[in-house]
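A short worksheet on the structure shown next.
Protein chains: 2
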Amino acid sequence: MLEVLQPTEEPGWVLAHEGYSVLTESAVESRFALGNGFLGMRASRSTGRGPTWASWLSYIRWASWPRCYVAGLFDMPNTEPPVPALVPVADWSRVRLILDGEPLVAREGVMLYGMRRLDMRRGVLLSEWTHRTPAGITATGHELRLLSLADRAVGLQLQRIVLDRDGIEVRLEASFGLAGLGMEPVRLENDLGAWRTEGTGKVVAMAGAASLCLDDASINPERPFPLRWIFRWPSKAGQVAEFSRLVAVARADRSAEDPAPRATAALERSTSAGWRAILERHEVAWDVNWSASGIRIEGDDDLQRALRFAVYHLTSAANPDDDRVSIGARGLTGDAYFGHVFWDTETYLLPFYTAVWPDAARSLLMYRYHTLSGARAKAELCGYRGALYPWESADTGEETTPETVLGPDGKPIEILTGKMEHHISADVAYAVWQYWRATGDDEFFRDAGAEILLETARFWASRAVAEADGRRHIRKVIGPDEYHENVDDNAFTNVMARWNIACALRALDLVRQRWPEHASALQDRLALDDRELDDWRDAIARIVTGLDTATGLYEQFAGFHALRQLNVADYADHALPIDVVIGREQTQGSQVIKQADVVALIALLPEAFPEHGATINFRHYEPRCAHGSSLSAAMHARVAARLGDADMALRYMRETASLDLDPDPNSAGGIRIAGLGGLWQAAILGIAGLNLMGETLELDPKLPLSWRRLSFKVRWQGRSVGLSVAADVVEATLIDGDPMDITVAGLTRNLEARSSLRVDLPSEAFRGVAEVCA
Amino acid sequence: MLEVLQPTEEPGWVLAHEGYSVLTESAVESRFALGNGFLGMRASRSTGRGPTWASWLSYIRWASWPRCYVAGLFDMPNTEPPVPALVPVADWSRVRLILDGEPLVAREGVMLYGMRRLDMRRGVLLSEWTHRTPAGITATGHELRLLSLADRAVGLQLQRIVLDRDGIEVRLEASFGLAGLGMEPVRLENDLGAWRTEGTGKVVAMAGAASLCLDDASINPERPFPLRWIFRWPSKAGQVAEFSRLVAVARADRSAEDPAPRATAALERSTSAGWRAILERHEVAWDVNWSASGIRIEGDDDLQRALRFAVYHLTSAANPDDDRVSIGARGLTGDAYFGHVFWDTETYLLPFYTAVWPDAARSLLMYRYHTLSGARAKAELCGYRGALYPWESADTGEETTPETVLGPDGKPIEILTGKMEHHISADVAYAVWQYWRATGDDEFFRDAGAEILLETARFWASRAVAEADGRRHIRKVIGPDEYHENVDDNAFTNVMARWNIACALRALDLVRQRWPEHASALQDRLALDDRELDDWRDAIARIVTGLDTATGLYEQFAGFHALRQLNVADYADHALPIDVVIGREQTQGSQVIKQADVVALIALLPEAFPEHGATINFRHYEPRCAHGSSLSAAMHARVAARLGDADMALRYMRETASLDLDPDPNSAGGIRIAGLGGLWQAAILGIAGLNLMGETLELDPKLPLSWRRLSFKVRWQGRSVGLSVAADVVEATLIDGDPMDITVAGLTRNLEARSSLRVDLPSEAFRGVAEVCA
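Heads up: the protein sequence lines correspond to chains A and B, in order.
Numbering of the first sequence is given in the working numbering, commencing with residue 33 and proceeding in unit increments.
Numbering of the second sequence is given in the working numbering, commencing with residue 33 and proceeding in unit increments.
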């Protein structure tokens with residue numbers, strides 16, 4: 033077993049954390065979390081922990097926050113206000129080691145060595161520790177944990193334990209940690225547990241198997257209770273105990289459906305295959321994913337590592353086989369935001385999946401299709417037509433943003449985003465269009481995507497109301513800059529809304545041309561008549577955008593330019609966010625921006641910035657941004673890269689990378705996956721200049737001088753294309769699929785099947801801004 | 033069933049809370065909590081709740097904090113720092129009512145009426161509610177819950193449910209809420225569950241039985257899982273469903289011991305008796321307790337109610353049958369302070385138990401005897417001799433004060449009380465002596481109490497170190513006033529220490545006289561020789577007390593008089609404690625006192641205040657006290673009453689009463705039982721002037737003009753004495769026991785068996801201070 037417990041040799045693939053500090057432990061548990069899009073698991077130590085339970089006390093600090101999650105397993109806990117939340121499932125990896133009757137607990141005795149490693153290449157968490165107990169016994173352990181990417185129902189744990197003494201009575205208790213669960217058990221027998229959520233009536237089944245070998249001979253456990261195995265033996269110094277455990281999980285979304293047979297079947301196929309086969313298949317699956325999504329940066333080891341980390345978590349978060357779930361703001365790595373799905377998914381994550389893992393992208397978009405009824409209901413409730421996606425979404429597509437949360441002082445803070453942050457409807461539409469352009473997935477477009485585009489467009493047309501000035505306004509919204517609430521005509525919102533409507537009209541034309549019966553059936557079903565379409569065209573023409581055509585500057589929202597100016601840089605060294613430092617009211621009265629707002633618009637809709645508009649707006653808004661969100665820096669990096677400011681792009685990329693890679697306690701509630709998606713965008717959509725929305729696959733690189741080469745693959749309309757960008761040349765290889773056109777630095781060439789193409793770049797790698805924004 | 037669901041008619045026995053607010057719900061759950069000293073249970077609604085689970089998020093607010101506790105069931109959770117804490121056990125009272133497939137949830141539909149009542153006389157929690165579901169069904173429920181005072185292992189729940197419609201498919205799911213438990217199940221079968229704590233290896237077993245009658249015919253439940261009963265029936269409008277459930281609980285302190293047979297036996301004796309018998313025996317037990325401990329105040333309904341409330345919770349908190357547990361700072365009513373035992377128990381609660389329930393007092397003191405080894409270990413660890421009781425104590429007597437807790441801002445705050453608040457050793461000794469004086473329990477005194485007195489005295493002699501000035505000093509302590517840490521020669525500590533040593537010498541003499549073999553065996557065992565006793569006498573003579581004999585004023589600690597003066601009254605209107613308002617550092621530099629310190633000394637050792645000393649010190653320190661602890665006001669009330677300031681005494685009593693009776697969210701973590709014990713003291717030891725430490729039973733009343741009469745009973749050296757105090761006369765009745773002497777207002781008279789005595793009081797009810805302090 034020892035050989036598989038060793039990490040990949042190349043250090044660029046491995047993140048290591050030595051020792052233990054209560055200040056950073058929860059963040060390490062998030063950072064090194066495992067996931068396969070169906071199951072998630074924080075990287076808590078499996079051995080040496082004490083118990084955790086539900087506590088009401090705000091003045092205690094848990095030394096560790098062990099948590100396992102199942103995607104889509106939401107229930108409504110007894111909170112005020114009530115908000116659906118991901119329900120934790122049993123921690124199936126706990127091991128208690130009891131030596132001569134004394135449990136080995138990390139806080140007692142001396143931890144001589146403790147190392148956790150995330151082997152990103154293999155998708156495994158590796159631990160190694162040596163502990164001297166108060167009784168003077170030295171125990172050494174190695175561990176591997178994984179959540180299988182080859183068979184998402186399955187998790188594996190391997191442990192290897194050696195003691196330094198003869199004659200110790202060793203007891204190894206392997207159990208499913210059942211403490212702290214918010215569900216009631218409905219079954220606990222034959223190593224199968226099933227639990228039901230109270231409100232939503234979902235059922236989760238978990239089956240387990242465990243074995244232990246001493247000198248290659250397996251020993252029989254005591255079985256006092258289901259999902260608990262107790263192995264006992266007298267120690268010999270240096271003798272190796274090898275423990276392995278399998279878990280298989282299944283979820284059912286209705287009480288009537290029994291997930292137990294699926295969990296049992298998954299366990300049976302795993303036990304009959306054996307752990308070596310499970311590990312091997314998992315590693316092969318990761319190899320396949322890395323081969324499709326890996327990025328190679330020559331000349332920047334730090335960002336190379338950060339991008340691997342990003343791709344690791346992006347890969348861990350998605351599940352192409354389940355189109356009823358999406359990815360929450362912290363993936364399946366922590367409790368923060370209750371597992372809710374935000375615009376983060378479409379705006380920050382989807383480009384990655386669309387470009388390198390279209391099956392995952394499709395599932396994520398189908399989640400929005402399946403939750404259209406919730407979006408329609410929300411629009412209706414708010415007095416609009418069409419589909420208004422919830423700002424926060426769980427499993428049903430109902431709005432799940434809490435109306436209040438408790439501030440640090442225990443007082444409730446009103447949360448307005450659920451009522452006012454409407455741009456998400458356009459963000460979803462954007463991701464649908466981008467996916468279809470990049471993949472050519474007509475079936476999705478015809479059967480699902482077009483309906484999302486039409487229903488969101490319909491929402492916007494009803495949302496943008498014609499007023500006395502002859503323009504249509506979108507009032508009382510929150511844009512991406514959440515420091516300013518209840519604003520009118522937020523540029524990001526309005527321009528995205530206009531684009532959304534225009535895109536829907538284009539989509540409808542397309543469906544009419546290609547699938548006329550579908551088109552008329554769809555129009556009938558949606559009761560979408562020509563008069564309404566005329567109204568949409570009117571909306572496109574008359575929606576206020578905030579663009580001052582004289583200066584080329586957008587006003588972030590009506591009245592923003594008149595707010596008090598503030599030198600945001602003065603607050604850069606503060607440990608606290610600026611809105612905490614200067615207060616909510618002061619912030620609202622100032623030109624201080626939480627996160628990329630107009631800047632995000634530059635990234636998404638460069639065509640909305642004619643002439644030098646992109647530069648003008650970026651130079652205006654970038655210094656005003658306080659980056660009070662983990663989403664902000666990456667979007668600035670992407671835009672800075674497009675505008676040729678490589679230094680700034682790299683700086684913002686490093687800032688984003690440090691969010692979850694550095695020991696930042698804010699990761700405690702889970703990794704900030706949107707930041708990681710943004711980091712990928714900064715490299716691929718920013719520096720490499722990949723455009724997924726064009727007629728052809730487009731690349732327009734702006735390689736920083738310090739980078740020698742950036743290599744990656746993308747999928748384009750069913751094909752697989754390898755791309756390698758150096759300072760003076762781009763190499764494109766059509767790995768798989770039919771011949772295609774590719775546009776590099778504005779020049780379109782044909783790429784033959786299974787062949788490569790070299791395109792020389794103009795000698796000055798960084799060209800003028802005008803060209804970029806053309 | 034309906035008749036038993038009605039509250040006691042006399043409103044003075046019943047506390048009522050109508051409706052529901054998330055702001056006060058947790059406090060109501062504490063206030064109306066049930067307990068019998070072995071089991072505790074918060075007054076959460078049993079029906080209509082959503083699930084609760086372990087959450088890491090500080091920004092959510094639980095709408096309710098349902099919790100059941102078992103006294104002494106401590107484990108070490110995985111917190112940092114690690115601190116033993118009471119482990120919650122299964123909430124055995126949850127009922128889910130599912131109507132036509134839709135669970136009735138309080139937050140959905142309309143709660144037309146909701147009332148909870150604490151019937152203090154009967155010791156039962158009564159609920160009544162009428163709810164209209166979103167489907168328009170109106171359901172009305174009545175409930176009774178109790179934890180039996182007649183058989184502490186047993187709890188009972190009765191529910192009566194009526195619907196307003198025919199033909200609804202009703203499903204009533206009664207289960208043991210197993211969510212959020214910090215223990216692993218070791219057994220779940222035949223309606224018996226057993227769980228084991230991980231670190232301490234304790235086991236708790238819970239057995240349950242449930243039944244439901246429709247029109248007096250019982251219907252059979254489905255039994256999908258142990259400790260879960262599902263009853264189904266089609267509704268008829270107005271039909272009465274009567275549900276009853278029993279629970280029986282047993283605790284074992286070692287893994288090897290199986291508590292299951294005890295739980296099963298308790299369940300069997302309960303089911304065979306039937307719920308009517310259980311309820312009746314419980315009510316009889318409460319009657320007996322009320323008869324011994326009830327207080328009658330004529331002329332002050334508010335304080336009458338408050339004192340009933342105090343006696344209710346004091347009665348609910350103690351268990352004379354278990355001398356391995358004591359009473360935590362919040363009893364068994366909430367999570368705050370982890371269930372830890374402080375000086376509160378001996379100083380604030382023991383006088384009640386000693387005076388009216390000596391068996392409970394004895395058990396509580398035996399807990400300190402059983403934890404002497406922990407106290408000895410702490411003394412040794414700190415470099416002292418004898419027994420230094422832990423500031424916070426759980427089950428073993430080890431120090432369990434957390435070294436840090438998280439402040440409201442999430443930053444750790446260092447807690448020094450565990451290192452420095454040593455006066456608790458003298459407080460325990462004081463309670464031992466008081467108990468023995470009042471009860472004459474020689475067996476306890478000889479076999480346990482004397483050893484506590486000697487070992488604590490030995491600690492103080494080693495703690496008070498002779499210095500160059502020829503005096504013995506006790507440096508680096510915290511007195512009851514915890515606003516000032518790390519002080520030298522705290523008057524309360526030093527005077528109590530001196531008293532402790534003197535009392536130990538007296539106790540040793542007594543044991544030598546009466547049980548000479550015991551005395552020499554004890555001295556041998558403790559290796560207590562004459563040289564050491566000489567050192568004790570030296571300590572008594574030379575310990576610094578801080579008393580200025582010229583002015584009669586004690587200095588609270590060395591240097592207190594030199595601190596900045598502050599007008600504490602200026603801060604009285606602040607919602608926040610003064611140390612939060614002016615900051616910790618400012619507080620430490622000021623003459624502002626957290627709670628009764630020198631004032632507590634006046635109460636405990638009036639003989640330390642010669643001449644007008646009590647008044648001088650009270651008038652000096654009372655205005656300097658900010659009452660930053662729930663313990664403070666009651667002690668001030670007691671002393672104000674002794675000094676004849678009835679107005680101030682009543683004001684402080686009302687303040688104390690309002691702590692838990694008013695909707696104060698600070699009760700959320702449990703009722704402040706020390707405040708309730710202090711309230712009892714203010715009435716009985718303050719206003720009635722009962723002295724439990726004298727040669728005879730002493731009474732020296734100072735009845736407020738507004739009170740017509742104060743009547744109560746006390747136990748005195750095996751006897752039961754009824755006392756009734758009016759403005760001009762005291763009536764004493766020897767209800768049970770041999771003739772005895774009684775001293776009323778300084779005059780000693782003989783009280784004959786089964787007879788009464790009237791003692792006229794001097795016409796001026798409020799006499800001079802000098803007489804009080806004589």
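Idealized CB from N, CA, C, for every residue including glycine.
Own chain, CB closer than 8 angstroms to residue i, minus 5 neighbours either side, in chain order
{"i": "Ile327(B)", "result": "Gln336, Leu339, Arg340, Val343, Trp712, Ala715, Ile716, Leu742, Ser743, Phe744"}
{"i": "Gly726(B)", "result": "Arg469, Thr775"}
{"i": "Arg301(B)", "result": "Asp183"}
{"i": "Arg785(A)", "result": "What sits at residue 785(A) in the sequence shown is Ala, not Arg. Excluding sequence neighbours, Ala785(A) sits near Leu766, Gly769, Asp770, Pro771."}
Neighbour-count burial assignment, residue i, 16 or more Cβ in a 10 Å radius
{"i": "Gly406(B)", "result": "buried"}
{"i": "Ala802(A)", "result": "Its pLDDT being 35, under 50, Ala802(A) is placed unreliably in this model, and the value from its coordinates should be taken loosely. Result: exposed."}
{"i": "Glu41(B)", "result": "exposed"}
{"i": "Asp427(A)", "result": "buried"}
{"i": "Pro256(B)", "result": "exposed"}
{"i": "Asp376(B)", "result": "buried"}
{"i": "Gly306(A)", "result": "exposed"}
{"i": "Lys626(A)", "result": "buried"}
{"i": "Gln597(B)", "result": "exposed"}
{"i": "Gly133(B)", "result": "exposed"}
Same chain, Cβ closer than 7 angstroms to residue i, five either side skipped, listed in chain order
{"i": "Met33(A)", "result": "Leu190, Arg192, Glu274"}
{"i": "Ala122(A)", "result": "Cys100, Phe208, Gly209, Leu210, Leu213, Gly225, Met238"}
{"i": "Leu179(B)", "result": "Leu66, Gly67, Asn68, Leu71, Met73, Gly187"}
{"i": "Leu724(B)", "result": "Pro383, Thr386, Ala387, Gln466, Arg469, Ala470"}
{"i": "Tyr416(A)", "result": "Phe491, Ser494, Arg495"}
{"i": "Trp265(A)", "result": "Val202, Leu246, Ile251"}
Distance between residue j and residue i (C-alpha atoms, nearest Å)
{"i": "Ala393(A)", "j": "Thr728(A)", "result": "20 angstroms"}
{"i": "Val600(A)", "j": "His372(A)", "result": "31 angstroms"}
{"i": "Asp677(A)", "j": "Ala646(A)", "result": "12 angstroms"}
{"i": "Gln38(A)", "j": "Asp198(A)", "result": "27 angstroms"}
{"i": "Arg790(A)", "j": "Arg781(A)", "result": "10 angstroms"}
{"i": "Ala665(B)", "j": "Ser62(B)", "result": "21 angstroms"}
Check: residue i C-beta below 6 angstroms from any heavy atom of the ligand GTP
{"i": "Pro642(B)", "result": "Here there are no bound small molecules, and the ligand GTP is not part of this structure."}
Own chain, CB closer than 6 angstroms to residue i, minus 5 neighbours either side, in chain order
{"i": "Gln545(A)", "result": "none"}
Interface flag, residue i vs chain C, CB-CB below 7 angstroms
{"i": "Val54(A)", "result": "Here the protein chains are A and B, and chain C is not one of them."}
The segment 619-653 of chain B: positions lying closer than 8 angstroms to chain A by Cβ: none
Near-chain A residues of the segment 691-711 of chain B (beta-carbon distance less than 8 angstroms), N- to C-terminal order: Ala700, Gly701
Under 8 angstroms (Cβ pairs) to chain B, residues found in the segment 198-216 of chain A: Ser207, Gly209, Leu210, Ala211, Gly212, Leu213, Gly214, Met215, Glu216
Chain-ordered residues of the segment 355-368 of chain B with a beta carbon less than 9 angstroms from chain A: Gly366, Asp367, Ala368
Residues from the segment 438-450 of chain B in contact with chain A, defined by Cβ distance under 8 angstroms: Leu438, Gly439, Pro440, Asp441, Gly442, Pro444
Against chain A: residues of the segment 71-101 of chain B by CB proximity under 9 angstroms: Arg81, Gly82, Pro83, Thr84, Trp85, Ala86, Ser87, Trp88, Leu89, Ser90, Tyr91, Ile92, Arg93, Trp94, Ala95, Ser96, Trp97, Pro98, Arg99
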